[in-house]
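The working numbering puts the first residue of the sequence shown at 351, with every later residue one more than the last. Following: one structure in structure tokens, then a few remarks.
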Amino acid sequence: MQKYGWIQKDWSLKDELQTPIMEEVTLHVLENIRDGVLLFNEKGEVLHYNAAANKLLQIDTTDSVILTTEDILHQKDQQRFHRQIAALCQSKKLTDQFTFVTGENESVDCACNLFLLSEKSIVLLILTITVNEDSILPVVPHIYKKIFEQTINGLMISDLKGRIIDINEKGCEFFDQQKKDLIGKDSLKEFQRMETFIPEYNQYMQKMSSSSSEVVSTLMGKRGDCQYEFMMIPHISKNINLTIIRDVTDIVQMMEHLNKYDTLKVIGQLAAGIAHEIRNPMTSLKGFIQLLQASVKEDHSMYFGVILSELQRIETIMTEFLMLAKPKTVVFDLVSLPSIIRETIELMQPQASLGNIQMNTVDEGSSGLVYGESNRLKQVFINIIKNSIEAMQDGGEIIFTVSEQDGIQHIAIQDTGCGIEQKQLDRLNEPFYTTKENGTGLGLVVTFKIIEEHQGKVEVESKVGEGTCFHLYFPVRGADDIDETTGKESDWTSFINDK
């Protein structure tokens, strides 16, 4: 952008301003002032402009047509402007406000200082952008009202007695009422009606109604499965309080998940530390018990059976602990889930038959190839089958349904057992939580961990008295998908997020 421009090529500032001092001052102003500067003659022809004026009015420097004041002034101000120029011959200096039109045909309000520089009516016009408060003030309440109505949190404005003055759409959704039905009501009673009454809320309202305190208070409440945060901001205006209602369910759930992972981390560290200290003497103890068993009378052999059974149980618990420790490097390869399921069924068939339980498979058409480690995946199915067998004391059936859709391998494992209550269902992935008399509370934790390692997802459905169904999801892989460094996870990651 040029620093300033000359409109009339044959015009010379020096010819009009003979006084050297005036010429020096004027040139200095033109080159350094931050405001827009225009020079024009008695005909209204613009003789000169500086960079600030060019930026403000967006003057087209490529046009050879002489620019006049009528080209840059808004039509409504042109007559008044000419009257002011006529008066300038006597006063030499005037201040007024005019509306100019830019090269983009937009209106700009400017405060103007007019100076008469010579007898030939050379006028210096200094432009300063002004804010038209009359035009902006009506817009501000509209903007704030729009923000109030469309914010993602519930907002409620109340007086010092707790009566609702205004409430936005999210606030209405929380109270499950329309806005017209909430205005004027007691907010405390509305919280009680929604079963989210908090003792501190009543104390807070009493304190705020009798105090000028501006301390922001934050309370927590629960309605059904949702967690809410209530932030009370007192005296945002005279005798007016603001309550922000925020759904923090996702945040609370995330914190619970983090606590679970912290617990697993501690368990892993403990398991890694005590594994060798216990397993070595356990192996020796088990070996000596087996040697002694052959030399003991037959009527005492039953005791050795109990001892070996309990040692096996300790060994099982230790194995599950080690599964939760920091995992070792596992080599993944293409494996067939239907094949792993068949092998697992064959392995568990004797135990199922003892409980009069049938195990069947339904293949709805699937390649069944996933990227994983067969022994760890087999452990997943063993743990789920064991839980199903223990849930069917009077016999029943376990059905494996294998299907594939949109690159996702789906395995449904349905049993006809006693089912799981919802409150227990929510805690299945919690370490040490178990409903079994001899359970460790680690079997399903290990199962979920293995599935997670395979980029899988598990969902559990259950009805008391009808049975439980485990839904396992894995990304289907092919030979071209194997990448031992990164793998192809974009589509599957999208699926996980959608689920």
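Don't be surprised by glycine CBs; every beta carbon is placed ideally from N, CA and C. As the structure is a prediction and not an experimental result, all values here were calculated from the model.
For residue i, name the three-state secondary structure that DSSP assigns.
i: H492; result: helix
i: H398; result: strand
i: E747; result: strand
i: L719; result: strand
i: D421; result: helix
i: H760; result: strand
i: C462; result: strand
i: G817; result: strand
i: G534; result: coil
i: E803; result: helix
i: L599; result: With the sequence shown as reference, residue 599 is identified as Thr, and Leu is not the correct amino acid for it. Looking at T599 - three-state DSSP - the assignment turns out to be helix.
i: S634; result: helix
i: F682; result: coil
i: K359; result: Because the pLDDT of K359 is 47, which lies under 50, any placement of that residue in the model is unreliable, and the number read from its coordinates should be weighed accordingly. It is coil, neither helix nor strand.
i: D446; result: strand
Mind reading off the beta-carbon distance from residue i to residue j? Whole number of angstroms is fine, and I expect it under 8 angstroms.
i: Q428; j: E420; result: 6 angstroms
i: L727; j: I690; result: 5 angstroms
i: K442; j: L466; result: 5 angstroms
i: L661; j: M632; result: 7 angstroms
i: C462; j: Q447; result: 7 angstroms
i: V826; j: L719; result: 6 angstroms
i: T449; j: D459; result: 5 angstroms
Could you check which residue in the options has the C-alpha nearest to that of residue i?
i: S508; options: I502, I739 and D516; result: D516
i: Q699; options: L727, Q542, K736 and S753; result: K736
i: S703; options: D744, M652 and T666; result: D744
i: E771; options: Q643, K529 and G815; result: G815
i: H432; options: N391, D459 and I416; result: N391
i: D385; options: Q759, A401, L778 and A437; result: A401
i: N455; options: Q425, Q447, C439 and Q440; result: Q425
i: I590; options: M506, T818 and H821; result: M506
i: C298; options: G757, F731, H804 and M604; result: Residue coverage of the chain in this structure runs from 351 to 849, which leaves residue 298 outside it and unanswerable.
i: T766; options: K799, D776, N710 and Q774; result: N710
In terms of residue numbering, what span does the alpha helix (DSSP H) encompassing residue i cover?
i: V730; result: S724 to A741
i: K520; result: E519 to F525
i: L897; result: Any property of residue 897 remains undetermined from this structure, which presents the chain solely from 351 to 849.
Could you tell me if residue i is buried or exposed, where buried requires 16 or more neighbouring beta carbons within 10 angstroms of its beta carbon?
i: T347; result: The chain is shown from 351 up to 849; residue 347 falls before or after that span and cannot be answered.
i: D484; result: Low confidence applies here, because D484 scores a pLDDT of 49, under 50, leaving its location unreliable; read the following figure in that light. Exposed, because fewer than 16 other Cβ atoms sit within 10 Å of the Cβ of D484.
i: L601; result: A small fix is needed here, since residue 601 is Ile in this sequence, not Leu. Answer is exposed; the Cβ neighbour count stays below 16.
i: Y399; result: buried
i: T824; result: Going by the sequence as given, residue 824 is Phe instead of Thr. With 16 or more Cβ atoms within 10 Å of its Cβ, F824 is classed as buried.
i: Q759; result: buried
i: L487; result: Below a pLDDT of 50, predicted positions are generally treated as unreliable, and L487, at 44, falls in that range; the measurement from the model is reported next regardless. Exposed, because fewer than 16 other Cβ atoms sit within 10 Å of the Cβ of L487.
i: G504; result: buried
i: K353; result: Annotation note: pLDDT 43 at K353 (below 50); position unreliable, no value reported.
i: K813; result: exposed
i: M742; result: buried
i: V387; result: buried
i: Y323; result: Past the edges of the chain, shown from 351 to 849, lies residue 323, and the structure says nothing about it.
i: N404; result: buried
i: N733; result: buried
i: S457; result: exposed
i: Y578; result: buried
i: D526; result: exposed
i: N518; result: buried
i: T445; result: exposed
Which first and last residues belong to the beta strand (DSSP E) in which residue i is found?
i: E771; result: Element bounds for E771: n/a, residue is neither H nor E.
i: F431; result: Where F431 is concerned, there is no enclosing beta strand (DSSP E), although the alpha helix (DSSP H) it sits in stretches over Q428 to S441.
i: V826; result: Neither: V826 is in no beta strand (DSSP E) and is coded neither H nor E.
i: D509; result: G504 to D509
i: D713; result: I707 to D713
i: I583; result: C576 to S587
i: L388; result: G386 to F390
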